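Number of protein chains: 2
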Amino acid sequence: MQYPAPIAKLIDSYMKLPGIGAKTATRLAFYTLNMKEEDVTDFAKALISVKRDLHFCEICGNITEEKSCDICRNPNRDQSTILVVEETKDVMSLEKVREYKGLYHVLHGVLSPMDGTGPDDLNIASLIKRLHNNEVEEVIIATNATTDGEATAMYLSRLIKPSGIKVTRLAHGLSVGSDIEYADEITLLKAVEGRTEL
Amino acid sequence: MQYPAPIAKLIDSYMKLPGIGAKTATRLAFYTLNMKEEDVTDFAKALISVKRDLHFCEICGNITEEKSCDICRNPNRDQSTILVVEETKDVMSLEKVREYKGLYHVLHGVLSPMDGTGPDDLNIASLIKRLHNNEVEEVIIATNATTDGEATAMYLSRLIKPSGIKVTRLAHGLSVGSDIEYADEITLLKAVEGRTEL
Numbered sequence: 001m002q003y004p005a006p007i008a009k010l011i012d013s014y015m016k017l018p019g020i021g022a023k024t025a026t027r028l029a030f031y032t033l034n035m036k037e038e039d040v041t042d043f044a045k046a047l048i049s050v051k052r053d054l055h056f057c058e059i060c061g062n063i064t065e066e067k068s069c070d071i072c073r074n075p076n077r078d079q080s081t082i083l084v085v086e087e088t089k090d091v092m093s094l095e096k097v098r099e100y101k102g103l104y105h106v107l108h109g110v111l112s113p114m115d116g117t118g119p120d121d122l123n124i125a126s127l128i129k130r131l132h133n134n135e136v137e138e139v140i141i142a143t144n145a146t147t148d149g150e151a152t153a154m155y156l157s158r159l160i161k162p163s164g165i166k167v168t169r170l171a172h173g174l175s176v177g178s179d180i181e182y183a184d185e186i187t188l189l190k191a192v193e194g195r196t197e198l
Numbered sequence: 001m002q003y004p005a006p007i008a009k010l011i012d013s014y015m016k017l018p019g020i021g022a023k024t025a026t027r028l029a030f031y032t033l034n035m036k037e038e039d040v041t042d043f044a045k046a047l048i049s050v051k052r053d054l055h056f057c058e059i060c061g062n063i064t065e066e067k068s069c070d071i072c073r074n075p076n077r078d079q080s081t082i083l084v085v086e087e088t089k090d091v092m093s094l095e096k097v098r099e100y101k102g103l104y105h106v107l108h109g110v111l112s113p114m115d116g117t118g119p120d121d122l123n124i125a126s127l128i129k130r131l132h133n134n135e136v137e138e139v140i141i142a143t144n145a146t147t148d149g150e151a152t153a154m155y156l157s158r159l160i161k162p163s164g165i166k167v168t169r170l171a172h173g174l175s176v177g178s179d180i181e182y183a184d185e186i187t188l189l190k191a192v193e194g195r196t197e198l
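Listed in order, the protein sequences are those of chains A and B.
UniProt numbering numbers the first residue of the first sequence as 1 and each following residue consecutively.
UniProt numbering numbers the first residue of the second sequence as 1 and each following residue consecutively.
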């Protein structure tokens, strides 16, 4: 006996999500069957809405419901600093800290020769265009500390530095609250290299 | 900064699923943002369809797109045996074995004094009605081996036995391929009690 078509289709859809295999997808599908009608309708509407109502900000590439995002439209943000991240969710993570007051730029990926992602596949051209604005004094590169992230940081740094703009990179080192015993070697190396005076 | 409304709503919806917390929900929502338009639309349609197109079989309580399910409508199934399970997904699990050829009955839960679930909240009345059909010779109770599952099995057994119908329970014992070393005490006890002659 096969699952009835509607539930089989829902299992297939759940399986397209990352980290969800056949067993979990089946469990979620049967759970959905017993959910409140209203909650399921809201779920379906939210899925459609995310694809239909959200666009990338035409200035920085962040997600927004408008033409440009809240941050780019906010005149109180420091217009002299641009922080470059890989993905839109990184913007949200940094905003939660409530410390950085400048602007952002979302690359939508990293340079990756293995995956065939080159500079033209990323949101780099529009970053360079933004730098022609004389207000920008510093570009902070906050790509992840992976091989591809580091390579992208180096690439951007070489691209931007000739124009005289300061290029910085987020500090790497031990996580706050972590044990030296459990830190990996590269992180420890970065922590020693980036040591600060007390 | 808050997430744009469409993504915040989708995060809320993902969080209503079992075993998905705020972090995973956020990851899934951003993943959805980058999914193919078509896949997201299919996902939304599947959600709606599961609530709209699936009903409980009016005979056994299994899920179906028709008035009665494939199994109840199949004249080749052994009409003399009814296997009682807690949930519709248990029917699918048993059907995968391709060994049992009788009918099913889905209770949609178990008796649970703690949660306030009594006999009237379960699909029991329709089971008793089915037994008035003289064809039924055996009822196999396949509720789970939990306290509530065992109590439900005892309750059904006492309810059905006076009518002269044979009532059986699925065997409990060691899982195939499992180590005695790691089996819990209750399972070992059941395995000893239910030992068979070689």
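All C-beta atoms in this analysis are idealised placements derived from N, C-alpha and C, irrespective of residue type, glycine included.
The model shown is predicted, which means the values in this text are computed figures rather than measured ones.
(message) Just to confirm the assignment, what range does the alpha helix (DSSP H) spanning residue 168 of chain B have?
(response) Element bounds for residue 168 of chain B: not the alpha helix (DSSP H) but the beta strand (DSSP E), 166-169.
(message) Short of 6 angstroms in beta carbon distance, which residues of its chain neighbour residue 168 of chain A, apart from the five on each side in sequence? Order them along the chain.
(response) 140
(request) Name, going along the chain, the residues of the stretch 16-29 of chain A whose beta-carbon falls closer than 9 angstroms to a beta-carbon of chain B. (result) Hits within the stretch, in order: 16, 17, 18, 19, 20, 24, 26, 27, 28 and 29.
(request) Can you give me the start and stop residues for the alpha helix (DSSP H) that residue 90 of chain A sits inside? (result) 88-96
(message) Quick check on residue 14 of chain B: buried or exposed, where buried means 16 or more other Cβ atoms within 10 Å of its Cβ?
(response) buried
(message) Taking 7 angstroms as the threshold (beta carbon to beta carbon), is residue 56 of chain B in contact with chain A?
(response) no
(message) Between the alpha carbons of residue 31 of chain A and residue 23 of chain B, how many angstroms are there, rounded?
(response) 20 angstroms
(message) Please list, in chain order, the residues of the UniProt zinc finger region "C4-type" (57-72) of chain A that have any C-beta partner in chain D closer than 8 angstroms.
(response) Within the model displayed, chain D is absent; protein chains A and B are what it includes.
(request) Report the rounded CA-to-CA distance for residue 135 of chain A versus residue 104 of chain A, giving the unit in angstroms. (result) 14 angstroms
(message) With DSSP as the reference, identify every bridge partner of residue 105 of chain A, one or two as the case may be.
(response) A:84
(request) List the residues that DSSP assigns as beta-bridge partners of residue 68 of chain A. (result) Note: residue 68 of chain A sits in no beta bridge, so no partner.
(request) Look at the Cβ atom of residue 142 of chain A, then the Cβ atom of residue 111 of chain A, and state whether they are nearer than 7 angstroms. (result) no
(message) If contacts are defined as beta-carbon pairs under 8 angstroms, then residue 47 of chain A and residue 156 of chain B qualify, I think. What distance do you get, rounded to the angstrom?
(response) Incorrect: roughly 41 angstroms between the Cβ atoms, too far for contact.
(message) Strictly below 9 angstroms CB to CB, what residues from chain A border residue 39 of chain B?
(response) 13 and 16
(message) Rounding to the nearest angstrom, what Cα-Cα distance links residue 51 of chain B and residue 116 of chain B in this structure?
(response) Between residue 51 of chain B and residue 116 of chain B, the C-alpha separation is close to 26 angstroms.
(request) Using a Cβ cut-off of 7 angstroms, pull out every chain A residue sitting near residue 75 of chain B, in sequence order please. (result) The premise fails here: residue 75 of chain B is roughly 15 angstroms from chain A at the closest Cβ pair, so nothing lies under 7 angstroms.
(request) Please classify residue 90 of chain A: is it buried, with 16 or more other beta-carbons within 10 angstroms of its beta-carbon, or exposed? (result) buried
(message) Strictly below 8 angstroms CB to CB, what residues from chain A border residue 82 of chain B?
(response) Those do not exist, as residue 82 of chain B stays about 16 angstroms from chain A at its closest Cβ, beyond 8 angstroms.
(request) Examine the Cβ distances between the stretch 33-48 of chain B and the stretch 49-63 of chain A and report whether three or more of them are shorter than 8 angstroms. (result) yes
(message) Out of B:42, B:107, B:123 and B:114, which one is the CA nearest neighbour of residue 16 of chain A?
(response) B:42
(message) Suppose the cutoff is 7 angstroms on Cβ atoms and the five residues either side in sequence are ignored; what does the same chain contact list for residue 287 of chain A look like?
(response) Nothing can be reported for residue 287 of chain A: it is not among the residues displayed for chain A, which extend from 1 to 198.
(request) Indicate the three-state DSSP secondary structure (helix, strand or coil) for residue 20 of chain B in the structure shown. (result) In the three-state reduction of the DSSP assignment, residue 20 of chain B falls in the coil class, being assigned neither a helical nor a strand state.
(request) Compare the C-alpha of residue 64 of chain A against each of A:86, A:92 and A:79 and name the closest. (result) A:92
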